[in-house]
Structures are given as C-alpha cells and as structure tokens.
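Its first residue numbered 507, the sequence shown is counted upward by one per residue in my numbering.
Don't be surprised by glycine CBs; every beta carbon is placed ideally from N, CA and C.
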Amino acid sequence: MSVGTEITYGASMQPDKGWEEYLDDGWDRSAVVEEAKHFPQLRFQLRSQAESEQRPHKVSFHLEKDKAGNVVEELRSKLQQRGLKAKVIYSGGYDLDILPERAGKGQAMAYLLRQFKEQSGSPPKHTLACGDSGNDAELFEVDGAYGVIVSNAMEELVEWHRAHHSTDHVFRATKRCAGGIIEAINHFKFGPQ
Numbered sequence: 507m508s509v510g511t512e513i514t515y516g517a518s519m520q521p522d523k524g525w526e527e528y529l530d531d532g533w534d535r536s537a538v539v540e541e542a543k544h545f546p547q548l549r550f551q552l553r554s555q556a557e558s559e560q561r562p563h564k565v566s567f568h569l570e571k572d573k574a575g576n577v578v579e580e581l582r583s584k585l586q587q588r589g590l591k592a593k594v595i596y597s598g599g600y601d602l603d604i605l606p607e608r609a610g611k612g613q614a615m616a617y618l619l620r621q622f623k624e625q626s627g628s629p630p631k632h633t634l635a636c637g638d639s640g641n642d643a644e645l646f647e648v649d650g651a652y653g654v655i656v657s658n659a660m661e662e663l664v665e666w667h668r669a670h671h672s673t674d675h676v677f678r679a680t681k682r683c684a685g686g687i688i689e690a691i692n693h694f695k696f697g698p699q
C-alpha cells in the first residue's frame, strides 16, 4: 500500500517521525502532482488510483501496460528536468507510483535494520524479505537480508531474478504465497533446528 513510504509501530500505527523527516528532504508532493497533471501523455492515459492509495510521500496512478514504457521514461525525465527528487516505480502491469527519491521498500527495510542495530547493538540474525511484484525487487538488494520470490510472483519480478541470478541470498520458491515463505525459511535454515 505505501511502497516503503510509511513505517508505523504498534496497534495504533504510530508513524516513525525519523523516517518521515528523512523522506521529506527534497520531496515536493505538490510539484509532483502538478507535473503529472500537465504531462501530455499522462492526461489521457493515466487515472488517479483510489484516494486510499494516495499518501503524503506517494502519488499513485493506474497506467495500461502497453503505454507504460514510453510514459514512464518520459515522466522520469520530466521530473528530473524540473529538479524534483522523485522516483517512478511501475509494477503489476498497471500501478505507477511516484515516491521521494529516498523512499521504497528496500530503503525502508534498510532503515529498520539500522534502527534495530542501533537499539540492540547488533543486526538481526535472520531477516527474510518476501516478494511477488516488481516493486519488491529492491528488498532483495538490502545488505544483511535474505529474500524469497514466491512461485505466484509477477513476471516483472521473475525477470529481475533471472537478470540477478547470482544472488544466492534470494530464493525462488516453488510454492505460492505463504507456502513459498515457509519453503524459504526451511531453505535458509531459519526455523528450529
């Protein structure tokens, strides 16, 4: 839902103020929205996702897969030309998210791992990231973490895995959903021995 733009704690979902401040640096949501509205191709090919998907550090749209390649690259270029510190993530064949340059699932996980180490004095022994779509790929690039790509993953993540096959810390499960996660826990020997 937040694609690594929010970190919250406890039943009250208390936001991590340090993470919010980190993302605020160089982020101008209004300018991003303005640029998306005025981008000629976006006006006709993009529609805003439900309001529940919009966040202070995430602007989300739907975009048809056959139009994505050119639109995504042109949008990235326009945002960069305007000097906006933003990144564009396209996943699932229809979701386009614009986030602060510092945001993302991988960056959020790396932040949490650093927080854990600062508070406990050592990094967690076993961290397993689980993914099924392209916006999960950066989770598998975080130092000190293992990953599992479940068998029902979208083609974009499977392609990423093929291109980065030398990553021995990422396991391609043969089972789907939670079954794939359990398979990875056994593969990496994280469970009780």
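Give the secondary structure of residue i by DSSP, where H, G and I count as helix, E and B as strand, and everything else as coil.
{"i": "P564", "result": "Pro is not the amino acid found at residue 564; the sequence shown has Lys there. DSSP places K564 in strand when its eight states are reduced to three."}
{"i": "I688", "result": "helix"}
{"i": "R620", "result": "helix"}
{"i": "F696", "result": "coil"}
{"i": "V509", "result": "coil"}
Apply the 10 Å Cβ neighbour rule to residue i and answer buried if 16 or more other Cβ atoms are within range, or exposed otherwise.
{"i": "G668", "result": "Residue identity check: residue 668 is Arg in the sequence provided, not Gly. Exposed is the call here."}
{"i": "N658", "result": "exposed"}
{"i": "N576", "result": "exposed"}
{"i": "K779", "result": "A question about residue 779 goes unanswered here, because the residues of the chain that appear run from 507 up to 699."}
{"i": "R620", "result": "exposed"}
{"i": "P606", "result": "buried"}
{"i": "E540", "result": "exposed"}
{"i": "R588", "result": "exposed"}
{"i": "D617", "result": "First, the residue type needs correcting, since residue 617 is Tyr and not Asp in the sequence shown. With 16 or more other Cβ atoms within 10 Å, it is buried."}
{"i": "M519", "result": "exposed"}
Specify, as a first and last residue, the run of the alpha helix (DSSP H) that residue i falls within.
{"i": "V577", "result": "K571 to Q587"}
{"i": "A669", "result": "E661 to A669"}
{"i": "E526", "result": "K523 to D530"}
Output the boundary residues of the beta strand (DSSP E) element that contains residue i.
{"i": "V601", "result": "Per the sequence presented here, residue 601 reads as Asp, with Val not at that position. From DSSP, the beta strand (DSSP E) with D601 extends over D601 to P606."}
{"i": "L634", "result": "L634 to G637"}
{"i": "G653", "result": "Y652 to I655"}
{"i": "K593", "result": "A592 to S597"}
When you compare only the Cα positions, how much space is there between residue i and residue j?
{"i": "Q560", "j": "S639", "result": "19 Å"}
{"i": "A651", "j": "G612", "result": "10 Å"}
{"i": "G610", "j": "G697", "result": "28 Å"}
{"i": "E579", "j": "A517", "result": "39 Å"}
{"i": "T511", "j": "S536", "result": "16 Å"}
{"i": "R549", "j": "E661", "result": "No answer about R549 holds up, because its pLDDT of 39 lies below 50 and its placement is not dependable."}
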